[in-house]
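Some notes on the structure that comes next.
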Amino acid sequence: MEANDDVVRIIQNSYFKFSKGQKAIAQFIIEHYDKAAFMTAAKIGQTVDVSESTVVRFATALGFDGYPELQKALQVMIKNKLTTVQRISLEEDQKDSDEFIKKVLKNEITSLKNYQEELDQEQLERAADLIFNAKKIYILGMRVSYTLALYLGFYLDVILDNVKVLNFGSNSLFEQVVRISEDDLFIIISYPRYSKQSLDAVNFVKDKNAKILAITDTESSPFYSMSDIALLGKSNMVSFVDSLVTPMAVINSLIMAVGMREKDDIVQYFDLLEDVWHRYSIYKKPLEEEENN
Numbered sequence: 563m564e565a566n567d568d569v570v571r572i573i574q575n576s577y578f579k580f581s582k583g584q585k586a587i588a589q590f591i592i593e594h595y596d597k598a599a600f601m602t603a604a605k606i607g608q609t610v611d612v613s614e615s616t617v618v619r620f621a622t623a624l625g626f627d628g629y630p631e632l633q634k635a636l637q638v639m640i641k642n643k644l645t646t647v648q649r650i651s652l653e654e655d656q657k658d659s660d661e662f663i664k665k666v667l668k669n670e671i672t673s674l675k676n677y678q679e680e681l682d683q684e685q686l687e688r689a690a691d692l693i694f695n696a697k698k699i700y701i702l703g704m705r706v707s708y709t710l711a712l713y714l715g716f717y718l719d720v721i722l723d724n725v726k727v728l729n730f731g732s733n734s735l736f737e738q739v740v741r742i743s744e745d746d747l748f749i750i751i752s753y754p755r756y757s758k759q760s761l762d763a764v765n766f767v768k769d770k771n772a773k774i775l776a777i778t779d780t781e782s783s784p785f786y787s788m789s790d791i792a793l794l795g796k797s798n799m800v801s802f803v804d805s806l807v808t809p810m811a812v813i814n815s816l817i818m819a820v821g822m823r824e825k826d827d828i829v830q831y832f833d834l835l836e837d838v839w840h841r842y843s844i845y846k847k848p849l850e851e852e853e854n855n
């Protein structure tokens with residue numbers, strides 16, 4: 563089963579081969595894939611009046627190792643397709659807000675553990691190489707990913723002096739990157755639902771032969787195949803609130819990989835800043851220092 567395959571399309575193409583019970587499962591998933599992705603095999607069986615084992619055999623008939631793999635594929639698919647209204651409707655089934663919040667937090671912890679276990683240190687170092695070898699670095703994140711772009715841009719600007727976070731002011735994205743060249747690096751941060759403007763921008767800089775570093779969620783992301791290097795931070799969160807926990811962990815890992823190479827310069831930079839902050843009272847003084855004064 564290919565990562566980019568649309569599960570619903572596969573089910574539709576295989577429909578004529580299914581048994582009566584499997585056709586009932588197929589019809590339910592086609593019509594309610596957004597809910598089916600979060601239902602157990604037993605729950606789906608109960609809903610369409612077939613046995614749990616029939617649901618499991620249905621998954622294997624599609625080419626999956628078992629029902630959990632089918633469920634995972636559905637979840638990946640809907641992260642790209644669900645509207646905000648649909649995401650909210652999924653949460654309406656959660657009657658106990660306390661339990662729902664605990665479930666969300668548990669999911670976030672699991673995502674971070676998965677990232678830790680799957681962290682590719684070699685890929686991280688290659689990404690750092692792209693950053694150090696770039697003449698100029700452009701960073702793009704649309705919508706909620708703009709927050710991540712600003713965060714990454716802030717810390718890379720501490721280490722380097724060739725960083726530009728693309729904004730959404732009077733100039734279009736294309737006007738801001740029109741001079742990008744093969745010596746430059748374009749960092750795209752994008753999570754579902756993927757922005758068409760981001761895709762257009764990446765296609766534009768790809769035509770300019772610039773290097774592309776993607777920070778995204780899975781191999782099924784359109785930016786994965788478009789980039790020279792992709793750093794993945796998978797998140798299973800499907801909610802009207804976009805989770806930034808795992809993406810932030812990816813970005814922090816990248817910042818640290820870059821920062822470890824320039825440790826002495828960073829210390830010197832912050833020594834200078836501390837002097838400026840103290841001189842112009844940027845931060846509130848500690849209580850004991852105020853008392854001494």
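Per this note's numbering, the very first residue in the sequence shown carries number 563; after that it's consecutive. Yeah, the Cβ is synthetic: ideal placement off N, Cα and C, and Gly gets one too.
Less than 7 Å between C-beta atoms, sequence neighbours within five positions excluded: which residues of the same chain meet that for residue i?
i, result
"V638", "T780, S782"
"Q574", "I592"
"I778", "One detail in the question is off: residue 778 reads as Thr in this sequence, not Ile. Hits under 7 Å: S752, Y753, F785, Y786, A792, L794."
"Q633", "A599"
"Q759", "M704, L735"
"V610", "A586, I587, F590"
"Q738", "L728"
State the beta-bridge partners of residue i as determined by DSSP.
i, result
"F748", "Y700, I774"
Give the DSSP-derived three-state secondary structure of residue i in the structure shown.
i, result
"L712", "helix"
"L806", "coil"
"V740", "coil"
"V706", "coil"
"S576", "helix"
"P754", "coil"
"Y629", "helix"
"L718", "helix"
"Y845", "coil"
"D568", "coil"
"F730", "coil"
Starting from residue i, trace the beta strand (DSSP E) both ways and give me its first and last residue.
i, result
"A792", "791-794"
"V725", "725-727"
Note down, in chain order, each residue of its chain lying with its Cβ closer than 6 Å to the Cβ of residue i, except the 5 sequence neighbours on either side.
i, result
"N814", "none"
"V725", "I699, G715, L718, D719"
"F600", "none"
"T616", "G583"
"I693", "V820"
Taking residue i and residue j to be in contact with their CB atoms under 8 Å, please state how far apart those CB atoms are, rounded to whole angstroms.
i, j, result
"L775", "L710", "About 13 Å separates the two Cβ atoms, so there is no contact after all."
"S743", "A772", "7 Å"
"S576", "L624", "7 Å"
"L702", "I671", "That belief does not hold up - the Cβ atoms of L702 and I671 are roughly 29 Å apart, past 8 Å."
"K697", "D746", "5 Å"
"A603", "E614", "5 Å"
"V612", "A586", "6 Å"
"T808", "Y677", "5 Å"
"I844", "I721", "The pair is not a contact, with the Cβ atoms about 21 Å apart (cut-off 8 Å)."
"F748", "V767", "4 Å"
Starting from residue i, trace the alpha helix (DSSP H) both ways and give me its first and last residue.
i, result
"A621", "614-623"
"F590", "582-598"
"E781", "Unbroken run through E781: none, as it is neither H nor E."
"E836", "825-841"
"D691", "683-695"
"K605", "603-610"
Beta-carbon within less than 8 Å of residue i's beta-carbon, same chain only, minus the 5 sequence neighbours each way: which residues are those?
i, result
"A819", "L686, E687, A689, A690"
"D837", "none"
"D568", "M639"
"V618", "A603, G628, Y629"
Of all Cβ atoms in chain C, is any one closer than 8 Å to the Cβ of residue i?
i, result
"K605", "Among the protein chains of the structure shown there is no chain C, as only one such chain exists."
Any heavy atom of the ligand MG closer than 7 Å to the beta-carbon of residue i?
i, result
"K846", "This structure does not include the ligand MG; it has no bound ligands of any sort."
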